[in-house]
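Taken in order, these protein sequences are the chains called R and A.
What the first sequence shows, in this note's numbering, is residues 1 to 469, in sequence order.
What the second sequence shows, in this note's numbering, is residues 1 to 469, in sequence order.
Just below is one structure, and these are the notes that go with it.
Number of protein chains: 2
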Amino acid sequence: MDISEFRRTGHELVDWMADYLRDVERLPVTPDVQPGDIRRSLPAAPPQVAEPASQLMNDFGRLILPGMTHWGHPGFFAYFPSSASPPSMLAEMLTATIGAQCMSWQTSPAATELEQVTMDWLRQMLRLPDDFTGVIQDTSSTATLVALLTARERATGFAASIHGLQDVQGRLVVYTSRERHSSVDKAVRLAGYGIEFLRLVDLDGNFAMRPEALAAAMATDIAAGFVPAAVVATTGTTGTTAIDPLRAIGEISRRHNAWFHIDASYAGTAAILPEKRWILDGVELADSFVFNPHKWMLVNFDCSAYFVKDVDALLRTFSASPEYLRTAHDAEVANFRDWGIQLGRRFRALKLWWVIKSYGVEGIQAIIRQHCDWAQQVAGWIREDERFELMAPVPLALVCFRLRPREGEDLAAINERNKELLTRVNATRQVYLSHTALDGRYTIRMAIGARATELRHVQEAWSLISSSA
Amino acid sequence: MDISEFRRTGHELVDWMADYLRDVERLPVTPDVQPGDIRRSLPAAPPQVAEPASQLMNDFGRLILPGMTHWGHPGFFAYFPSSASPPSMLAEMLTATIGAQCMSWQTSPAATELEQVTMDWLRQMLRLPDDFTGVIQDTSSTATLVALLTARERATGFAASIHGLQDVQGRLVVYTSRERHSSVDKAVRLAGYGIEFLRLVDLDGNFAMRPEALAAAMATDIAAGFVPAAVVATTGTTGTTAIDPLRAIGEISRRHNAWFHIDASYAGTAAILPEKRWILDGVELADSFVFNPHKWMLVNFDCSAYFVKDVDALLRTFSASPEYLRTAHDAEVANFRDWGIQLGRRFRALKLWWVIKSYGVEGIQAIIRQHCDWAQQVAGWIREDERFELMAPVPLALVCFRLRPREGEDLAAINERNKELLTRVNATRQVYLSHTALDGRYTIRMAIGARATELRHVQEAWSLISSSA
């Protein structure tokens, strides 16, 4: 592909992109395909000779697009939606073209320093403590693993990575709540703690961790000779956006010298609103903190903001400096390859920079505030409708609800009715919602946060749910 | 940013991208900046109000671009260059716009199935065994960690992730060569084996692992009651592209039931050439294999191709299925969140698909073959020039050389002279080369592989080195 073909195809693509953003709401949000449909439509063997650019675009539109779930669709209310914004998409064009490899300062000086600057902007926007230093990770799964590996090393005096975890005396234990994200379990397993040594602390009536239950669990373990290594609290659980009480949890963690990690993957963005900053009350007690600008802060996936207090502990856990990576400036700069798992790193700071500049802090605040307001409206409609009930508080922009049980209806029956409702609503392919289970009760989740979603889409979604009920 | 501003800015960006690709060779390959220069040029606090798109582009050109190392510059011969191609850059535009979250089939059916299809294309292109199944990881660092975690679990009957590695009897040991990549050390530390239990096996005269030394190391450990858990061989070491003898290493690994992982990050791409396929002789004995299409196969970073034989072992190590991620199709489909560390995954298969279609297998072969030919030419020039000496064989497209020691010159002096030469050459900012140490000998590395590099750039680089010597 020569420059002129690249230029021509690029312009066609930009028009396609703009048309897609304009028209996506007319597409079904989820595709009508069965497992294997797409695969069977593609050649089993790779093409031996080059195909023209026109065919690439044509095949994409014909074979791939009809099989996509449209995460940017305004009717996307499932999981936590993606708020990827036009400026972040444009920034990815530059990132792809420059193709910088951001493993060390030397291999990408401006990218490294822009990452330092934008991460500090985020720190200020969330009013995180001065002694937090930021680095971009790809996802929260990775960030939580990074936190639990650093915790493991600190708890063992950095011996596990040298002599092996098998050599360590005193069983290490990790604490989190019953409503934590699955990535905590995964990180506990991968870091070698063993899932049996993950304590799932009990919840209060709002699905948040009970600090007294945490303290009790720790006391029991310490009496048994175990070592509390880490506590993972969640600000905005995936199930219901419950807010764990950080200050109380942080104080207990400190008392026992356990690494205190806060998973605010989704909810962290809301802390840029002064009226929502309370969700991070006590964050200064944390050893590490993660939130995802790629979830709700208008940044394209992937971009996970990880903050850490003890940078030295992080570096002792992750640094590796073979001869072929050494450079003259190593002593004076941040080499972000030493701040996480991957050596190779994309230039993710660019899209973060563009999004913050393009919206301004006030512009981002206005959008997040709107999402929260709309969620309150939905909650209001549910409260006014006797057929439904709210299943959890609505502190942010996720509404958890279900059809109310009929008199004498057992759990299996009401769960089945709600499952049928969700299936019926999603089958329209006009909206996409997901579910969770709360104490065994099937619960429908409506998460507002896709960038294209407007109030009318929220209203239409509720009409659809209401008429399907 | 509304649709019309997005469209207008997008078109401007495409012209910038095309101009950049056309003109990048006129830029200095590395920037003339000191640590802190860029950071000081940026505001310490985030902007409160929105800035227009024109300012984003302007600030990028004014503040960031002059501080970038240009990985797509035809004079980039350092590390292993990036071969990111125009079609892969275009594909990233679609990926960014669609913003699919490829964690499960349900959340991205076409993306999941396109990943299965393109990974099988790669398997065919490299003539990997039929029983290898592929999944895209972000980087080789991650892939090698995935391999060593799976190895840890298999070696412990999947007990480490349940009861904890602290509970496991029989010390687990990992084997690799002295010239392995640093990501192996990092993975050994992170997976909890402990770096003391990574055996660095001796090399032959070509910097490849000596199988007899591996067998001897294993015998010693087994006699001591240790358990060989994994062996990591390298096809194309970072230092010199040495090719470890896979068949002999694989047979030894099998004999002791150790997980056999092959790191072909850079060199794997060369195996699509029939005349280079020998580098993978014995690959069928491997349990896992990784190579990076983002390094030498014209694909944009990041895209690492990980192949595994025992998918069940991988899934038992990495799967996590909480209620809110369960879908109706789970039993029939691949949910790639269970195939690695991250839950969230970008739609990386799209660029792989576009690159393979855009070049065809023959087109990719022609480019790789050219790079290897040019490396032979450089090696020839070095052989003919008495001032220089080759430091290692040149099986692929990396040439390792140095100024030949003068009579009686000690190691420190000759190292210093070579370091000075490299510094002088790189200071022109017309080319960028890196170095390594081979048995303590400072060695200059010239890696050919940037997509924009033509023979004339290789010739000019050699003229510059020669005249600087």
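In this text, a Cβ means the ideal position worked out from N, Cα and C, and glycines have one as well.
One Cα belongs to R/S358, the other to A/T144, and the distance between them is close to 38 Å. The beta carbons of R/K309 and R/D120 sit no closer together than 8 Å.
Along the segment 353-380 of chain A, the positions whose C-beta sits under 9 Å from a C-beta of chain R are W353, W354, I356, K357, S358, Y359, G360, V361, E362 and G363, read in chain order. Restricted to the segment 349-400 of chain R, the beta strand (DSSP E) segments that are unbroken, complete and at least 3 residues in length are 388-390, listed in chain order.
In this structure, A/L114 places its C-beta atom within 8 Å of the C-beta atom of A/A349. Taking a 10 Å sphere around the C-beta of A/D439, we find fewer than 16 other C-beta atoms and assign the residue as exposed. Residues of chain A with a Cβ closer than 7 Å to the Cβ of R/Y20 are, in chain order, T97. Nearest in C-alpha terms to R/L190, of all of A/G236, A/A223 and A/T142, is A/T142. Within the DSSP secondary-structure output, R/M209 pairs in a beta bridge with R/L203. Here R/Y266 carries a coil assignment [DSSP, helix/strand/coil]. In the structure shown, A/S108 falls within a coil segment according to DSSP collapsed to helix, strand and coil. No Cβ of chain A is located within less than 8 Å of the beta carbon of R/M209. In the three-state scheme derived from DSSP, where H, G and I count as helix and E and B as strand, A/G192 is classed as coil.
For A/S304, the enclosing beta strand (DSSP E) begins and ends at S304 to V308.
Taking the beta carbon of A/Q116 as reference, the chain R residues within 7 Å of it are R39, listed in sequence order. For A/I3, the neighbours in chain R by C-beta distance under 9 Å run, in chain order, A18, D19, L21, R22 and P86. R/S468 is outside the set of residues whose beta carbon lies under 8 Å from a beta carbon in chain A. Put simply, the CB of A/E275 is far from chain R, with every gap to its CB atoms at 8 Å or more.
Partner residues in a beta bridge of A/G61, as assigned by DSSP, do not exist. If you check the CB distance, A/I243 and A/G236 come in under 8 Å.
The C-beta distance from R/T176 to R/L198 rounds to 7 Å, short enough to meet the 8 Å contact threshold. The DSSP-derived three-state label of A/I136 is strand.
In the structure shown, the three-state DSSP call for A/A248 is helix. Every unbroken stretch of the beta strand (DSSP E) spanning 3 or more residues and falling wholly within the segment 137-188 of chain R is given here in chain order: 172-177.
With a beta-carbon spacing of about 35 Å, A/R277 and A/M103 fall beyond the 8 Å limit used to define contacts. By the Cβ neighbour-count rule, R/I136 is buried, with 16 or more other Cβ atoms within 10 Å of its own. Counted as a single uninterrupted DSSP element, the alpha helix (DSSP H) harbouring R/P87 occupies residues P86 to I98.
Pairing A/H435 with A/A397 gives a Cβ-Cβ distance that is not under 8 Å. Looking at the DSSP output, R/R402 sits in a beta bridge with R/E389. Proximity of chain A to R/D302 at the Cβ level (cut-off 9 Å) is accounted for by D138, Q342, G344, R345 and R346, in chain order. Residue state for R/P66 is assigned as helix, using DSSP reduced to three classes. Per the Cβ contact rule, the segment 312-320 of chain R is in contact with the segment 143-160 of chain R (3 or more Cβ pairs under 8 Å).
Closest option to R/S304, judged by alpha-carbon separation, among R/D263, R/E332 and R/A331: R/D263. By the CB criterion at 8 Å, A/L298 and A/S83 fall inside the cutoff. With a cut-off of 8 Å on Cβ pairs, the segment 1-8 of chain A is not in contact with the segment 450-468 of chain R, counting fewer than three such pairs. The beta carbon of A/V168 sits closer than 8 Å to the beta carbons of T156, A159 and A160 from its chain, once the five residues preceding and following it are set aside; these are given in chain order.
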